[in-house]
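Report on one structure; see the data block that follows.
2 protein chains.
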Amino acid sequence: MRITVLAGGIGGARFTRGLLHHLRTAPIESHVTVIGNTGDDIRLFGLQICPDLDTVMYTLGGGISEERGWGREDETFAIKEELAAYGVQPDWFGLGDRDTATHLVRSQMLAAGYPLSAVTAALCDRWQPGVELLPMSDDRVETHVVVDGDEPGTRKAIHFQEWWVRHRAGIPAHDFVLVGRDDARPAPGVLEAISGADVVLLPPSNPVVSVGTILQVPGVRDAVRTTAAPVVGVSPIVGGAPVRGMADACLTAIGVKTSAAAVALHYGARTADGLLDGWLVHDESDADAVDELAAAGIETRAVPLLMTDLAATAAIAAAALHLAESVRR
Amino acid sequence: MRITVLAGGIGGARFTRGLLHHLRTAPIESHVTVIGNTGDDIRLFGLQICPDLDTVMYTLGGGISEERGWGREDETFAIKEELAAYGVQPDWFGLGDRDTATHLVRSQMLAAGYPLSAVTAALCDRWQPGVELLPMSDDRVETHVVVDGDEPGTRKAIHFQEWWVRHRAGIPAHDFVLVGRDDARPAPGVLEAISGADVVLLPPSNPVVSVGTILQVPGVRDAVRTTAAPVVGVSPIVGGAPVRGMADACLTAIGVKTSAAAVALHYGARTADGLLDGWLVHDESDADAVDELAAAGIETRAVPLLMTDLAATAAIAAAALHLAESVRR
Numbered sequence: 001m002r003i004t005v006l007a008g009g010i011g012g013a014r015f016t017r018g019l020l021h022h023l024r025t026a027p028i029e030s031h032v033t034v035i036g037n038t039g040d041d042i043r044l045f046g047l048q049i050c051p052d053l054d055t056v057m058y059t060l061g062g063g064i065s066e067e068r069g070w071g072r073e074d075e076t077f078a079i080k081e082e083l084a085a086y087g088v089q090p091d092w093f094g095l096g097d098r099d100t101a102t103h104l105v106r107s108q109m110l111a112a113g114y115p116l117s118a119v120t121a122a123l124c125d126r127w128q129p130g131v132e133l134l135p136m137s138d139d140r141v142e143t144h145v146v147v148d149g150d151e152p153g154t155r156k157a158i159h160f161q162e163w164w165v166r167h168r169a170g171i172p173a174h175d176f177v178l179v180g181r182d183d184a185r186p187a188p189g190v191l192e193a194i195s196g197a198d199v200v201l202l203p204p205s206n207p208v209v210s211v212g213t214i215l216q217v218p219g220v221r222d223a224v225r226t227t228a229a230p231v232v233g234v235s236p237i238v239g240g241a242p243v244r245g246m247a248d249a250c251l252t253a254i255g256v257k258t259s260a261a262a263v264a265l266h267y268g269a270r271t272a273d274g275l276l277d278g279w280l281v282h283d284e285s286d287a288d289a290v291d292e293l294a295a296a297g298i299e300t301r302a303v304p305l306l307m308t309d310l311a312a313t314a315a316i317a318a319a320a321l322h323l324a325e326s327v328r329r
Numbered sequence: 001m002r003i004t005v006l007a008g009g010i011g012g013a014r015f016t017r018g019l020l021h022h023l024r025t026a027p028i029e030s031h032v033t034v035i036g037n038t039g040d041d042i043r044l045f046g047l048q049i050c051p052d053l054d055t056v057m058y059t060l061g062g063g064i065s066e067e068r069g070w071g072r073e074d075e076t077f078a079i080k081e082e083l084a085a086y087g088v089q090p091d092w093f094g095l096g097d098r099d100t101a102t103h104l105v106r107s108q109m110l111a112a113g114y115p116l117s118a119v120t121a122a123l124c125d126r127w128q129p130g131v132e133l134l135p136m137s138d139d140r141v142e143t144h145v146v147v148d149g150d151e152p153g154t155r156k157a158i159h160f161q162e163w164w165v166r167h168r169a170g171i172p173a174h175d176f177v178l179v180g181r182d183d184a185r186p187a188p189g190v191l192e193a194i195s196g197a198d199v200v201l202l203p204p205s206n207p208v209v210s211v212g213t214i215l216q217v218p219g220v221r222d223a224v225r226t227t228a229a230p231v232v233g234v235s236p237i238v239g240g241a242p243v244r245g246m247a248d249a250c251l252t253a254i255g256v257k258t259s260a261a262a263v264a265l266h267y268g269a270r271t272a273d274g275l276l277d278g279w280l281v282h283d284e285s286d287a288d289a290v291d292e293l294a295a296a297g298i299e300t301r302a303v304p305l306l307m308t309d310l311a312a313t314a315a316i317a318a319a320a321l322h323l324a325e326s327v328r329r
């Protein structure tokens, strides 16, 4: 079974870890492709940093900091301290020492002319994540956030990381713009992984700046819309709030309510030119969305959606695959 | 008093620290310029690394590892471990995490078009070494070592750091070649610091691959030869062996005996178109060189030359300045 996951950072990575755990006990062989968001990528201190790809790679490869959810376990931050001591800006980015080695290898390979997809494959040679990890694009696409400018009545765009990490999504976002999007092409294998999949999964990643960004790469949304595979998503919103992260600030910016049903309707039903065949919501808080979404053409199941441990996460993945079978046309 | 020091790494840095300590108690104001060797520089992992400049900067700025003599105190080596885990070569270079921040700042400023001298000044803004630290050249000049090739009868050139760090100078060197030397110009201020000095000092740095390299930058040797200032050197050889480092291997390669007298004669007497007016040798082991060198035109004093602590090092610097006064023409 060919399963393709469109993933952002922590939520997508943890969901995929649960998926792999479930698949190890499943009776059929499967091949999982993860299409990773690279809109969060940022070039800092001469290093090309791909936070979401690294979170997927480290989480599935056993190198992630479980506590933080991003970056490496046993991490130190000497370089960050030293750069601050030199007065180098920005000083708000969480640059770990172990992590920096990854950035150095990546940056040097990119400088040598390798595309990001080849670099990612080379890095995964070490981490053996158990999935084929593809960046959404080999081209540089960066999410910038439109916020109020310093002068009243003006607006400015800042890098997503500045908004997310420095401001903790705490200043109102008017919009998200993908710099480089129009010239970007999907990385080799991305469209094929969607069109040739047996199941496409949208994990509980940020629907705006993670999955939403991947979908904006030219050709990707169409590929999801037209694939023969069932497309099933897992709500990142539980009880009207993100399980983790600040998806509410992102949803608000694009005028979508922070609810499990609103996110599903934002993705849309495939029967109405949208993306979703199926959708999972949290059973304790969002079961009332099941009927509403069914009426809109999205088969919805209410199951426990908190990824509290690997077993619970595997159960969510199993429920997603089960729902995919029941909506397969 | 304008004092100019031609320095390599550990020996030159420690000597200069003693010099500054001495000058703090001296009755006259002074300005110390250190012309640093950049022949050891190496580009690794996309980072431009200047070991000797950093050793001077860290030693005088209070950031050096006293135990190792190079790199930072409280250093960790997570990046080095991680690069090795990725299988990245070379794996023998001692890349510290704190140190890497310096390399990142430097590499990024160089990539932005700043010359190394400006980068060095910017880094020294933090470290406040108490000297004006000038790279010998803003141009890339790298010492390579001619060694036996893999096939019998052949020779190859390897980077100095590979010979020094990886092989610990343990494979015979046939010669040292300075890649880029012919096109190199002295960095701004270098020739002026020599010609306009009141005293020029050659600290107990490696006479071949440190001081010898600086002297090979076009114009530098002539500037030392023709400056009105007295030129006084401190022997890096004590009792027929280097006090530290592997200068013996370097001297052997260029056919110079590993002795305090032989190094002085290698630099040569200014009266015979060489560089030295004065020379300090170690009193307990090398006093017999005093008369021999005097006969060759180099005023020589035998004093304790072991830089065991700051006071002992300051006394060596004081002796060098004292000798400079006595040979001033």
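Listed in order, the protein sequences are those of chains A and L.
Using my numbering, read the first sequence as starting at 1 and increasing by one per residue.
Using my numbering, read the second sequence as starting at 1 and increasing by one per residue.
Here a beta-carbon is modelled for each residue, glycine too, at the ideal position from N, C-alpha and C.
Nothing here was measured: the structure is a model prediction, and the numbers come from that model.
Would you decide whether residue i is buried or exposed? Buried here means 16 or more other CB atoms lie within 10 Å of its CB.
i        : result
A:Thr25  : exposed
L:Leu123 : buried
A:Gln48  : buried
A:Ser326 : exposed
L:Ala269 : buried
A:Asp52  : buried
L:Glu82  : buried
L:His159 : buried
A:His174 : exposed
L:Asp99  : buried
L:Ile10  : buried
A:Asp138 : buried
Determine the closest residue to residue i out of the options, with distance taken between C-alpha atoms.
i        : options                                  : result
A:Pro204 : A:Ser235, A:Leu116 and A:Ala312          : A:Ser235
A:Leu110 : A:Gly297, A:Met307, A:Asp52 and A:Arg43  : A:Arg43
L:Ser259 : L:Asp198, L:Gly274, L:Leu293 and L:Thr55 : L:Leu293
L:Asp222 : L:Ser195, L:Pro242 and L:Val232          : L:Ser195
A:Ile214 : A:Val232, A:Arg185 and A:Gly239          : A:Arg185
A:Asp40  : A:Val32, A:Glu67, A:Ala197 and A:Arg181  : A:Arg181
A:Gly212 : A:Gly274, A:Ser285 and A:Asp97           : A:Gly274
L:Pro90  : L:Val105, L:Arg68, L:Arg17 and L:Gly46   : L:Gly46
L:Met307 : L:Arg17, L:Leu6 and L:Gly8               : L:Arg17
Give the DSSP-derived three-state secondary structure of residue i in the structure shown.
i        : result
A:Gly233 : strand
L:Pro51  : helix
L:Ser137 : strand
A:Val208 : coil
L:Ile3   : strand
A:Arg185 : coil
A:Ala296 : coil
A:Lys257 : coil
L:Glu82  : helix
A:Val25  : In the sequence under discussion, the amino acid at residue 25 of chain A is Thr, which differs from the Val named in the question. Correct three-state label for A:Thr25: coil.
L:Val88  : coil
A:Leu60  : helix
L:Gly71  : coil
Cα separation between residue i and residue j?
i        : j        : result
A:Lys80  : A:Trp70  : 16 angstroms
A:Gly219 : A:Asp150 : 37 angstroms
A:Asp291 : A:Ile298 : 9 angstroms
L:Ala187 : L:Met136 : 6 angstroms
L:Gly63  : A:Ala85  : 12 angstroms
A:Ala261 : A:Trp127 : 36 angstroms
L:Arg328 : L:Gly278 : 10 angstroms
L:Lys156 : L:Trp163 : 12 angstroms
A:Pro242 : A:Asp97  : 30 angstroms
A:Ile237 : L:Met57  : 53 angstroms
A:Val145 : A:Gln161 : 9 angstroms
A:Thr120 : A:His103 : 11 angstroms
A:Cys50  : A:Leu20  : 22 angstroms
Verify whether the separation of the beta carbon atoms of residue i and residue j is less than 8 angstroms.
i        : j        : result
L:His266 : L:Val256 : yes
A:Ala287 : A:Ala264 : no
A:Leu179 : A:Glu142 : A quick correction: the sequence has Val, not Leu, at residue 179 of chain A. Cβ distance < 8 angstroms, so A:Val179 and A:Glu142 count as in contact.
L:Met1   : L:Val131 : no
A:Ala101 : A:Thr59  : no
L:Phe176 : L:Ala253 : yes
L:Leu201 : L:Ile35  : no
L:Val190 : L:Leu134 : yes
L:Pro207 : L:Ala247 : yes
Relative to the ligand ADP, is the shortest distance from any of its heavy atoms to the C-beta of residue i smaller than 7 angstroms?
i        : result
L:Ala118 : For the structure depicted, the ligand ADP is absent and the ligand set is empty, with no information on it obtainable.
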